[in-house]
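Accompanying notes for the structure given below.
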Amino acid sequence: MTSVEPTAHPAALSSAGSLAGSPADSPLVGSRVQRREDDRLLRGRGKYVADLVHGTLAAAFVRSPHASARVLDVDVTDAVDVEGLVAVYTYSDLVEADARDGTRVSQRLPLLVPHPDLSHGRTGYPLADGVVRHVGEPVAMVVATDRYVAEDVVDRVRVEYEPVPPVVGIEAARAGERQVHDDVPGNVAAHMVQATGDAPAAISAAPHVLELDLDVERSMSSPLEGRGVVARWDADDGSMRIWSATQTSTGVRAAVATKLALPLAKVECITPDVGGGFGVKIMHPWPEEVLVPWAARLLGHDVSWIEDRREHFISSAHERRQLQHVRVGFDDDGRILGLDVTLWHDNGAYTPYGIIVPIISSTQLLGPYKPGAYQVEFFSLYTNTVIVTPYRGAGRPQGVFAMERTIDAVAAELGLDRADVRAANLIQPDEFPYDQGLTFQDGRPLIYDSGDYPEMLRKIKALVGWDDFPAYREAARAEGRRVGIGLACYVEGTGVGPYEGAHVQVETSGRVNVSIGLTTQGQGHQTVFAQIAADTLGVRMEDVYVTSGDTRRFGYAVGTFASRAAVMSGNAVGLAATRVREKALRIAGDALEVDPGDLEIVDGVVRVVGAPATSIPLATVAVLSNPLRYAFDASAAAATQFAGGGSDDKPPIADDDEPGLEASDYYSPIRSTFASGMHAAIVETDPDTAEIRVLRYCVVHDCGTLVNPMIVEGQIHGGVAQGVGGALYEKVEYDENGQILNASFMDFLMPYATEVPRIETDHMETPSPLNPLGIKGAGEAGVIPGMAVFAAAVEDAEGIPIRRMPISPSELFALRESHAPSPP
Amino acid sequence: MSTEQQVAVRLVVNGAEYAVEVPVRRLLSDALRHDLGLTGTHVGCEHGVCGACTVLLDGTPVRSCLLLAASVDGQALTTVEGLARPGGEPHPVQRAFKECHGLQCGFCTPGFLTTVAAYLEEHPDPSEEEARDAVAGNLCRCTGYQNIVASVLRAAQITREPGRGGRA
Chain A
635 MTSVEPTAHP AALSSAGSLA GSPADSPLVG SRVQRREDDR LLRGRGKYVA
685 DLVHGTLAAA FVRSPHASAR VLDVDVTDAV DVEGLVAVYT YSDLVEADAR
735 DGTRVSQRLP LLVPHPDLSH GRTGYPLADG VVRHVGEPVA MVVATDRYVA
785 EDVVDRVRVE YEPVPPVVGI EAARAGERQV HDDVPGNVAA HMVQATGDAP
835 AAISAAPHVL ELDLDVERSM SSPLEGRGVV ARWDADDGSM RIWSATQTST
885 GVRAAVATKL ALPLAKVECI TPDVGGGFGV KIMHPWPEEV LVPWAARLLG
935 HDVSWIEDRR EHFISSAHER RQLQHVRVGF DDDGRILGLD VTLWHDNGAY
985 TPYGIIVPII SSTQLLGPYK PGAYQVEFFS LYTNTVIVTP YRGAGRPQGV
1035 FAMERTIDAV AAELGLDRAD VRAANLIQPD EFPYDQGLTF QDGRPLIYDS
1085 GDYPEMLRKI KALVGWDDFP AYREAARAEG RRVGIGLACY VEGTGVGPYE
1135 GAHVQVETSG RVNVSIGLTT QGQGHQTVFA QIAADTLGVR MEDVYVTSGD
1185 TRRFGYAVGT FASRAAVMSG NAVGLAATRV REKALRIAGD ALEVDPGDLE
1235 IVDGVVRVVG APATSIPLAT VAVLSNPLRY AFDASAAAAT QFAGGGSDDK
1285 PPIADDDEPG LEASDYYSPI RSTFASGMHA AIVETDPDTA EIRVLRYCVV
1335 HDCGTLVNPM IVEGQIHGGV AQGVGGALYE KVEYDENGQI LNASFMDFLM
1385 PYATEVPRIE TDHMETPSPL NPLGIKGAGE AGVIPGMAVF AAAVEDAEGI
1435 PIRRMPISPS ELFALRESHA PSPP
Chain B
21 MSTEQQVAVR LVVNGAEYAV EVPVRRLLSD ALRHDLGLTG THVGCEHGVC
71 GACTVLLDGT PVRSCLLLAA SVDGQALTTV EGLARPGGEP HPVQRAFKEC
121 HGLQCGFCTP GFLTTVAAYL EEHPDPSEEE ARDAVAGNLC RCTGYQNIVA
171 SVLRAAQITR EPGRGGRA
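Here the protein sequences come in this chain order: A and B.
Each residue of the first sequence is one higher than the one before, counting from 635 in this note's numbering.
Each residue of the second sequence is one higher than the one before, counting from 21 in this note's numbering.
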């Protein structure tokens, strides 16, 4: 679905030649190559899941209006005579169907990432089994001729609830007076402790000790496209085809096959164009991803469900909410001798994605620093709110907030420059690989592979003009203006395993098909993987066609998350293309009667190095790779049995060979690779209104080898915008009843162009030693230090400790009031 | 329940006329997408805030999710599918967004393209600040807007180049 086909229009969108194939001495990898996906998307020819609903029945859901309640009765009497209604399903229908058909749709949804410390993991059901635990939880499913009618029916389904006082907020969950789940004492889903060294002892012995209480609010991924599913049951073939706006087509496929008790071979999942993910779409299977295919089979008709914006707020996932307590012991230079952190993480009503987010917070908190001893403990707590699963950054923004606020507090306590205190704590370039002594989110040791943090600090200070700022601040202050500067550093584990793969195939036309298993939702995969394949194979980029997230084409994959696509699939494409290249050289060597070692491939032609006239097109090599009995065109005739060539006493395909000029390969790293970055922001706060204006935003970033700097910069810009949102605007506001008060774009304030500053970027390239291309991930980077850097800048402008994010003008105004000197 | 009341509507989209009969409550965005099959117009919020569904009504940007199909009977609509010239040559805005990497997932993009195309008709030489204001009614979650602002400026530049791109 997402393969790039040549545009039907005669004129390409770009000026001529911008996508021309590169000569061998000018690689595509590292170039600002324009994107291959853009022609379609700019002409309105993208195909998103909502564009595939023609001819389908439409589903809509009756969702709980209560945060916590027992479902006493579902009455459809008023609904059944709506013209256009096809079916209404409740939990009891799922139970009946399972008994009748051997399916598993009435069972709990899977717990995707189990962990020994997740002692009380709980997941929900596709439709509530008599209890609802957050506003928005699905209670009944309606299928009708179109979405308008389906919503009419939803309004006429009468559900009788017995509300139960909900648990809203970390404080209420921690108090444990009420429980979200009857069988989870104290609402504690998980309790985890990690330590390296004896932090409490180190803190006791330290010359200085500080304690901080920190607070991060809820936010959410909010892609412009919500979730959506289309399912097509082929009764003749007994097979299911699903289109889902997901970040993992292989995950959805396996989950649906399991729930519907279908052989994996009879289920395929295709991701069409996806309108942004940012984490929320890696969660799967959503109730709708199970129920829409289930209903399609039951009804013998294509069924679709396209989420609306309100549904996205109340039934998709949120993230970020944590309370944090930090104890730090340090010496006179600000060196951290002991760090003891406790996190209380709000995981919402269920834990289908396990405890990945707080694990990441608790480990990536350390950033580029090396405290003498570290201990971290977290409690993952149930609340009667929407589930919490990774949102871009996935726990890192909170961890970085804790660490960077701590360092700024240490600097303030000692009266030292904040950058100097950071410098005193940095891991040095000669200390890599650096073992932090903890276990990371992939279950592997937290060992940083490479980086140069002191150089990065030098660069960010130079870029933002750190050393000149105090003079500027004083000058501004003399004019009655308040300006402040902040600095925040992070290290991001990227490219987590277990693996990704790729298949590379050269057709007899010379067209190169690259298939990868993970999905794409705006990262330019059809461009960057074509760059890698074209360089490796020696073909023109316009001959390479990349397909992603289609299980029909590549069935083994994990998904697109954790800044892993370029690292994992990029290296897999490189490895598979290398195999194809080796095979091409072998076949061409036979045909040209030369040593394959003397051959090169340039612009799709295999030729002798230094004697380019002796050559054979790669297309012809593809013909020769597949011995034929039947010629389907003139070029194929060359591979038929009477065309000559080959030995009479050897089989046409050798024992250790296969037909076709194609190969698959996989990249599976021993552990994650660690990207890094430092951001600096300058803000101005209005002395009267407390409005916060961003004057400058600077980024220094190291993601190893840059495949396409234009795309990496775009990823950083988008991440920074989400960082601005998370720091200054975005907060999912729950009231004490568990109702979201701002479940619309009118009230949940995502930044527009006027809220996002111009971003100044400087790159470093410290290649990863862990993979052949030296790539580290870049997708999440931009958002990670956002809260920390703005808290620091506002604190610098105001002289008031900032401990809670996001911060709005009214919150800053209230902080000013509470810190104002009391009248004499 | 009784059958929904239908209404005959003449939709004039990208220069072509379509006679459709739709329920009276059909949103223009849904009529374009589902009745005419013009799925380039995207629906991001259905409450007029994100701007993804922006189309041009007699040349003026409007939110098609806030209009009923029946309310634009006979008026000239332009959607993203209608921005390119009849021969297929892209609109300067489309070229500029590609050159400047002004899109990532592409979902909000049609709304930006229609908005900017209309803006440049009236403001052929915007400053960077004006370009930023011009797109400040549309949400994008991918790009951070920096390259979109650059795309607006580049589109203006292409439009001004003699003999190139300009819609005359």
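Where a beta carbon is used, it is the ideal one built from N, C-alpha and C, also for glycine.
Between the alpha carbons of residue i and residue j, how many angstroms are there, rounded?
i	j	result
A/A1247	A/R1241	7 Å
A/P1419	A/P1440	13 Å
A/V1334	A/S1442	27 Å
A/V1034	A/L848	12 Å
A/S649	B/P112	At A/S649 the pLDDT is 37, less than 50, meaning the model places this residue with poor confidence; the figure from the coordinates comes in the next sentence. One C-alpha to the other measures close to 11 Å.
A/P1063	A/F1308	13 Å
A/V787	A/P986	30 Å
A/Y1264	A/L1233	30 Å
A/R674	A/G680	6 Å
B/R83	B/F132	12 Å
A/E845	A/Y1003	19 Å
B/H121	B/R174	11 Å
A/V716	A/R943	25 Å
B/R105	A/A1426	50 Å
A/M826	A/R738	32 Å
A/G1118	A/R1327	11 Å
A/T1388	A/S1456	37 Å
For residue i, which residues in chain A fall below 7 Å Cβ to Cβ?
i	result
B/G35	Those do not exist, as B/G35 stays about 15 Å from chain A at its closest Cβ, beyond 7 Å.
B/H143	Correct list: empty, because the minimum Cβ distance to chain A is about 15 Å.
B/T99	G678
Anything in chain A within Cβ reach of residue i, meaning under 8 Å, just list it in chain order.
i	result
B/R45	Y782
B/V32	Chain A residues near B/V32: none, gap ~17 Å exceeds 8 Å.
B/P130	G678
B/R174	The contacting residues do not exist; B/R174 stays about 11 Å from chain A at best.
B/E66	D942 and R943
B/A89	Those within 8 Å of B/A89 in chain A number zero; the least Cβ separation is about 12 Å.
If the cut is a Cβ gap below 9 Å, which residues of chain A does residue i touch?
i	result
B/D153	A1387 and T1388
B/C85	Here the premise fails: no neighbours, minimum Cβ distance about 10 Å.
For the beta strand (DSSP E) holding residue i, just list the boundary residues, first then last.
i	result
A/D849	H842 to V850
A/F1013	Y1008 to L1015
A/I970	I970 to D980
B/V82	T80 to R83
A/Q1160	A/Q1160 -> not in any beta strand (DSSP E); alpha helix (DSSP H) instead, spanning H1159 to L1171.
A/N1147	V1146 to I1150
A/Q828	V822 to T830
A/R697	L691 to R697
For the alpha helix (DSSP H) that contains residue i, what are its first and last residues?
i	result
A/P921	P921 to L933
A/G1352	P1343 to V1358
B/V194	In this structure chain B extends from 21 to 188, so residue 194 of chain B is not present and cannot be described.
A/A1463	Beyond the ends of chain A as shown, which are 635 and 1458, falls residue 1463 of chain A; an answer cannot be given.
A/H946	R943 to S949
A/M1037	R1030 to L1048
Under 8 Å Cβ-Cβ, which residues of chain B neighbour residue i?
i	result
A/D789	The contacting residues do not exist; A/D789 stays about 12 Å from chain B at best.
In terms of alpha-carbon separation, which member of the options lies closest to residue i?
i	options	result
B/V92	B/E24, B/I168, B/V33 and B/F117	B/V33
A/A899	A/R887, A/I1287 and A/T905	A/R887
A/A1199	A/G934, A/G1411 and A/R669	A/G1411
A/T880	A/T892, A/T905, A/L858 and A/Y782	A/T905
A/G1348	A/G1416, A/E1292 and A/L1383	A/G1416
Under the assumption that residue i contacts residue j (Cβ atoms under 8 Å), give the Cβ distance between them as a whole number of angstroms.
i	j	result
A/M1312	A/E1089	Not really, about 10 Å apart at Cβ, beyond 8 Å.
A/N1059	A/I993	The Cβ separation is near 23 Å, so there is no contact.
A/G1372	A/P748	Going by Cβ atoms, the distance from A/G1372 to A/P748 rounds to 27 Å, so no, they are not a contact pair.
A/A840	A/G963	3 Å
A/V683	A/G862	4 Å
A/V1207	A/V1148	6 Å
Determine the chain B residues that contact residue i at a beta-carbon separation under 7 Å, and present them in chain order.
i	result
A/I1393	G164 and Q166
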